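Accompanying notes for the structure given below.
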Amino acid sequence: MEGERAVEQVLENSVIKVGDVFLEEEKAKSYQLTADSFYTLDSKIMNEVTDTENSQGILAICEIPSEISIQELSKKEGLIIATDRIQDPGNLGTIVRTSAWFGATAILVGKGSVDLFNPKVVRSTAGATGMLAYKNSELSKDLEAMENAGWQVLMLDGNAGAEPIKNIELSEKTILMVGNEANGIEKKFFGPNRKRVMIPSVENNRSVESLNAAIALSIALYQLNS
1005 MEGERAVEQV
1015 LENSVIKVGD
1025 VFLEEEKAKS
1035 YQLTADSFYT
1045 LDSKIMNEVT
1055 DTENSQGILA
1065 ICEIPSEISI
1075 QELSKKEGLI
1085 IATDRIQDPG
1095 NLGTIVRTSA
1105 WFGATAILVG
1115 KGSVDLFNPK
1125 VVRSTAGATG
1135 MLAYKNSELS
1145 KDLEAMENAG
1155 WQVLMLDGNA
1165 GAEPIKNIEL
1175 SEKTILMVGN
1185 EANGIEKKFF
1195 GPNRKRVMIP
1205 SVENNRSVES
1215 LNAAIALSIA
1225 LYQLNS
């Protein structure tokens, strides 16, 4: 995990295990952190081990948390996010960060989505990595299992016939699904018991074809929690 804000946040949250923290020598004195161990690196080595072009001179080695099982997840309540082929790391990181802000229980990362622990995803979460239980999901099987346990599935879809999100009441067991940036949710996931929900444009102004996937999810989360 790289960056001052991200490292500070993950240390403060104390959710995932942080091993060693590495600081660039020239910047070590400027950081006020509460980690168990620190090491300093010269600028050349720091530039070699960091992934960003302009490093902030701080990184932490963190333990990737274990996945939650679908059996354990099905027994919980709350709001779960499911992603179908979200491919942009910045989008997935923003989805994690926003979902944590709105108190989501977990995230199901469907096949075809970028790795949840891709460095760019982790940076985009701004320290929210580890705040959500997660499962790398075979969505067809897992959604069916969750529905059998009483969960409803809402599918963000901007096409005709979808229900405006403002008309939806959040139940105690809700899965909100967001699809691929270019193609939306794959058709095989649609079904008679799953609700298609949309974010209407102002006065049906469709001068823009669609919303960014992460932005759409953020608006939907706000609406469901209002």
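Counted the way our numbering counts, the sequence shown spans residues 1005 to 1230. A virtual CB, placed ideally from N, CA and C, is assigned to each residue, including glycine. The structure presented is a predicted model; accordingly, all values stated were derived computationally and were not measured.
**Supposed close pair Arg1241, Ser1141 - CB separation, criterion 8 Å** = The structure shown does not extend to residue 1241, since the chain spans only 1005 to 1230, so no value can be given for it.
**Asked** Is it the case that the Cβ atoms of Ile1074 and Ala1218 are separated by a distance below 7 Å?
**Response** To locate residue 1074, count along the sequence shown from 1; it is residue 70. To locate residue 1218, count along the sequence shown from 1; it is residue 214. Contact flag unset, no.
**Asked** Under the rule that 16 or more other beta-carbon atoms within 10 Å means buried, what is Thr1056, buried or exposed?
**Response** Translated into the one-based positions of the sequence shown, residue 1056 becomes position 52. Counting Cβ neighbours within 10 Å, Thr1056 comes out exposed, since fewer than 16 surround it.
**Request:** Give the DSSP-derived three-state secondary structure of Leu1180 in the structure shown.
**Result:** Against the sequence shown, residue 1180 aligns to sequence position 176. In this structure, Leu1180 counts as strand in the three-state DSSP scheme.
**Request:** Would you mind listing the beta strand (DSSP E) stretches within the segment 1006 to 1075 that are 3+ residues and don't spill past its ends, in chain order?
**Result:** 1022 to 1028, 1042 to 1045, 1062 to 1066
**Selected residue, minimal CA-CA separation from Met1135, among Gly1023, Ile1111, Gly1116** = One-based indexing of the sequence shown puts residue 1135 at position 131. Of Gly1023, Ile1111, Gly1116, the residue nearest in Cα terms is Ile1111.
**Prompt:** Taking the alpha carbon of Lys1080 as the point to measure from, which residue in Leu1063, Tyr1138, Gly1097 has its own alpha carbon closest?
**Reply:** Translated into positions along the sequence shown, residue 1080 becomes position 76. Nearest of Leu1063, Tyr1138, Gly1097 to Lys1080, Cα basis: Tyr1138.
**Message:** Alpha carbons only, please: which of Val1011, Val1019, Ile1072 is nearest the one belonging to Phe1042?
**Reply:** Within the sequence shown, numbered from 1, the residue matching residue 1042 stands at position 38. Comparing Cα-Cα distances from Phe1042 to each of Val1011, Val1019, Ile1072, the minimum goes to Val1011.
**Asked** DSSP state of Met1159, grouped into three classes?
**Response** On the sequence shown, residue 1159 is found 155 positions in, with the first residue counted as 1. Met1159: strand per DSSP, three-state reduction.
**Asked** Across which residues does DSSP place Glu1167 in a beta bridge pair?
**Response** Against the sequence shown, residue 1167 aligns to sequence position 163. BP columns for Glu1167 point to Val1201.
**Prompt:** Roughly how many whole angstroms lie between the Cα atoms of Ala1132 and Ala1108?
**Reply:** As a working mapping, residue 1132 is identified with position 128 in the sequence shown. As a working mapping, residue 1108 is identified with position 104 in the sequence shown. Going by the C-alpha atoms only, they are around 12 Å apart.
**Pair within 7 Å by beta-carbon distance, Cys1027 and Ile1062** = In the sequence shown, residue 1027 corresponds to position 23, counting from 1. In the sequence shown, residue 1062 corresponds to position 58, counting from 1. Checking the sequence shown, residue 1027 turns out to be Leu, not Cys. A contact, by the Cβ cut-off of 7 Å.
**Message:** Tell me which residues share the same chain as Ala1153 and place their Cβ nearer than 7 Å to its Cβ, disregarding the 5 neighbours each side in the sequence.
**Reply:** Counted from its first residue, the sequence shown places residue 1153 at position 149. Ser1078, listed in sequence order.
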